[in-house]
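Peer 1: Take a look at the following structure, please.
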Amino acid sequence: MADRDKSPKVYLAGPTVFLPNALPAGRYLVEVCSKLGLNGCYPIDPPAPNTVSAREIFKHNVGLLRRCDLMVADLSPFRGPHADDGTSFEVGMAYALGLPIFAYTTDVRPLSERIPASRDELGTMRDACGLEVESFGNFQNLMLSESIVSVHDRPEDAILAAARHFRLA
């Protein structure tokens, strides 16, 4: 087990916080980090009191992210084909802070295979609203996909890749 004060701090981003078992799920991720020499930082541990405002949660999460050395993000489809928008914001912020970002998803298929679309007269893939569907072969929008060091299909593999990045595993 790593010395938590000296271990690289990992911001554990993702919609896991919305699960009915959010706290045990997050603590599991923290435990995986610890076994690999990383200090996992889960945004809702300790849990906030019910009286906390959206602004306070935002400030807490941003402050926690600023104190971290890297990010592991769950970019699984959330309420549709795309990643959770809060997690997407956090990924953008981590990238702007210069943090390495490792991701995992339950669906690594390209967006163009997950969004119902058809080709228009010019061959461009369009969804039911007529909007272009990216066809770069990425599992998420190019701005997310291109900001990530590596993407995995399990959280344990993303955390292991993060530990290897810091030469801990």
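Okay, so the sequence shown: first residue is 1 according to the UniProt record's numbering, each after it adds one. Where a beta carbon is used, it is the ideal one built from N, C-alpha and C, also for glycine. Just so we're clear, the structure is a prediction, and the values are computed from it rather than from any experiment.
1) Can the beta-carbon of Leu111 be found less than 8 Å from the beta-carbon of Glu90?
2) In the structure shown, what three-state DSSP assignment does Phe78 receive?
3) Closest to Thr87 by CA distance: which of Ala161, Ser7, Leu65 and Glu113 is it?
4) Is there contact here, the region 66-73 with the region 115-132, by at least three beta-carbon pairs under 8 Å?
5) When you compare only the Cα positions, how much space is there between Ala48 and Ile57?
6) Are the beta-carbon atoms of Ile159 and Val32 separated by less than 8 Å?
7) In whole angstroms, what is the alpha-carbon distance linking Met1 and Leu97?
8) Which of the three DSSP states is assigned to Leu144 in this structure?
9) Can the beta-carbon of Thr105 be found closer than 8 Å to that of Leu144?
10) Closer than 8 Å, CB to CB, is Ile115 near chain D or not?
11) Please return the same chain residues whose Cβ sits closer than 6 Å to the Cβ of Leu12, not counting the five positions on each side in sequence.
Peer 2: Working from what's here:
1) no
2) coil
3) Nearest C-alpha to Thr87: Leu65.
4) no
5) 8 Å
6) yes
7) The predicted position of Met1 is uncertain, since its pLDDT is 48 and thus under 50; no value can be drawn from it.
8) helix
9) No Cβ-Cβ contact shorter than 8 Å links Thr105 with Leu144.
10) The chain labelled as chain D is not found in the depicted structure, where only one protein chain is given.
11) Leu29, Gly40, Tyr42 and Val72
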